[in-house]
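Residue numbers (mature numbering (1 follows the signal peptide of the UniProt record, and there is no 0)): -24 to -1, 1 to 142.
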């Protein structure tokens, strides 16, 4: 009887250990599995972060000294501070190579990522001062004829949606 209980305990420990190893493999280099299910991250620029990202319970939390940016990525403190006094910008590990600008056509460029300070979700570069960002709904990018600008602040990129033909 003792051998059966020992074997069962051993299998449980092995399975639990395997689950932890599998779980930790999903985490990025600046992330770790949370100690408790209710753990929430510390954020770089929480005022720019969409509510859904602020309240999300991630499978991994940022490691000590790292902060979650408005796009849900863990970044270092130096990266967080790198945007300096720009209140509407934050460091984005995967910013568009061609950022959107106020009252300008949405650029058609590659989908290659660039790590840099970027306008926060829901913001576009100001046309007059290309270092500052303004709310996209106050100054949307220009869309082609028969289309309108639609802002999407989740994980998708804002775009112009063409209406369906009737």
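We put the CB at the ideal spot given by N, CA and C, even for glycine. Keep in mind it's a predicted model, so treat the numbers as computed, not measured.
| Asked | Found |
| --- | --- |
| Nearest candidate by alpha-carbon position, reference residue 106, set 125, 80, 90 | 80 |
| Buried or exposed by the 16-neighbour rule on C-beta atoms within 10 Å, applied to residue -17 | At residue -17, the pLDDT of 37 sits below 50, so the modelled position is not reliable; the number obtained from the coordinates is stated separately. It counts as exposed. |
| Beta-carbon gap between residue 109 and residue 64 smaller than 7 Å | yes |
| Inter-residue Cα distance where the pair is residue 119 and residue 49 | 29 Å |
| Of the residues 77, 82, 92, 90, the one placed nearest residue 99, counting alpha carbons only | 77 |
| Pick from 31, 75, 36, 82 that is closest to residue 96, judged by C-alpha positions | 75 |
| Between the CA atoms of residue 67 and residue 13 - distance to the nearest angstrom | 27 Å |
| Per DSSP, the bridge partner or partners of residue 108 | In the DSSP output, where bridge partners are listed per residue, residue 108 has none listed. |
| Alpha-carbon to alpha-carbon, residue 104 and residue 8 | 42 Å |
| Whole-angstrom C-beta distance between residue 25 and residue 10, which should lie under 8 Å | Not really, about 18 Å apart at Cβ, beyond 8 Å. |
| Boundaries (first-last residue) of the alpha helix (DSSP H) holding residue 28 | 27 to 31 |
| Proximity below 7 Å, CB of residue 6 to CB of residue 44 | no |
| Cα-Cα separation, residue 113 to residue 15 | 33 Å |
| Unbroken alpha helix (DSSP H) run spanning residue 53, endpoints | 53 to 57 |
| For residue 44, the first and last residue of its enclosing beta strand (DSSP E) | 42 to 44 |
| Start and end residues, beta strand (DSSP E) containing residue 72 | 65 to 72 |
| Where residue 22 sits in the DSSP three-state scheme | helix |
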